[in-house]
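Everything below concerns the one structure shown next.
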Amino acid sequence: MEGCRLKIVYIHETCSDKTLLDIGLVAAFTLMVSNDIRRDICVKAITRLPPACKDLYEITFYGSKIKGLAPQETMIKGLLDSLLRRGSWPGVQLKRIDSLEDSECIDGEAYMASPESIGCPGCIIVKEPSTRNESSFKPWWLASSIMVVYDEVCGCV
């Protein structure tokens, strides 16, 4: 992805009323640093969108171009609802895709287990947890943790 030092790919396999919020939280917690945006990071979410839950979509957030992103549920819902209604939002791209093609990406949990030996990959995959309950692991926690470790290992702090 042009202009992106690192691409975080979030694979959201279930389709529910929480799909867009989960995607937005992963994007916000990946791109936000203090009170600013990581301009050289991109987040690509792969999902099926409600209510039909049929077609596969790619929602890409470009840190260098995004406007109006904040880690607040109401802001995220508003941004993504506008994206779906209008078909566009500054710094966010929505497109229908046929399949997932990110084989060059490193698994996020593997990266967290051994970041120094992996170094500074160009792409890291974050997957939705396999169980969906209130105590389950949240994917935006992993995305945020990955960014902290990545910044430290790659000298981006």
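So that you can map any letter, position 151 of the sequence shown is 151 in the numbering used here, and since no number is skipped, the others follow by simple counting. Note that CB positions come from ideal geometry on N, CA and C, so glycine has one too.
(request) Alpha carbon to alpha carbon, how far is C156 from H12? Give it in angstroms, no decimals. (result) Distance between the alpha carbons of H12 and C156: 28 angstroms.
(request) Scan the segment 14 to 87 and note each continuous beta strand (DSSP E) run of 3 residues or more that stays entirely inside, going in chain order. (result) With a minimum length of 3 residues, the continuous beta strand (DSSP E) runs that stay inside the segment 14 to 87 are 41 to 48 and 56 to 62.
(request) Would you check if the distance between the CB atom of V26 and the CB atom of A52 is smaller than 8 angstroms? (result) Not in contact: V26 and A52 (Cβ atoms no closer than 8 angstroms).
(request) Please state whether DSSP places L142 in a helix, a strand or coil. (result) L142 carries a helical assignment under DSSP once its states are collapsed to helix, strand and coil.
(request) Have a look at D55 and D36 and give me their C-alpha separation to the nearest angstrom. (result) Spanning the two alpha carbons is a distance of roughly 33 angstroms.
(request) Taking 8 angstroms as the threshold, find out whether the segment 57 to 68 comes into contact with the segment 89 to 96 through three or more Cβ pairs. (result) In the pairwise beta carbon analysis, the segment 57 to 68 is classified as touching the segment 89 to 96: at least three pairs are separated by under 8 angstroms.
(message) Let me confirm a value: L6 is counted as buried when at least 16 other C-beta atoms fall within 10 Å, else exposed. Which label applies?
(response) L6 should be labelled buried.
(request) Could you pull the start and end residues of the beta strand (DSSP E) that C123 belongs to? (result) First-last of the beta strand (DSSP E) with C123: C123 to K127.
(request) Kindly indicate which three-state DSSP category D98 falls into: helix, strand or coil? (result) Assigned with DSSP and collapsed to three states, D98 falls in coil, not helix or strand.
(message) Taking its Cβ as the centre, do 16 or more other Cβ atoms sit within 10 Å of P139, making it buried, or is it exposed?
(response) Buried, because 16 or more other Cβ atoms sit within 10 Å of the Cβ of P139.
(message) Please list the terminal residues of the continuous alpha helix (DSSP H) segment that includes G108.
(response) Element bounds for G108: G108 to A113.
(request) Would you mind sorting R86 into buried or exposed? The rule is 16 or more other CB atoms within 10 Å of its CB. (result) Result: exposed.
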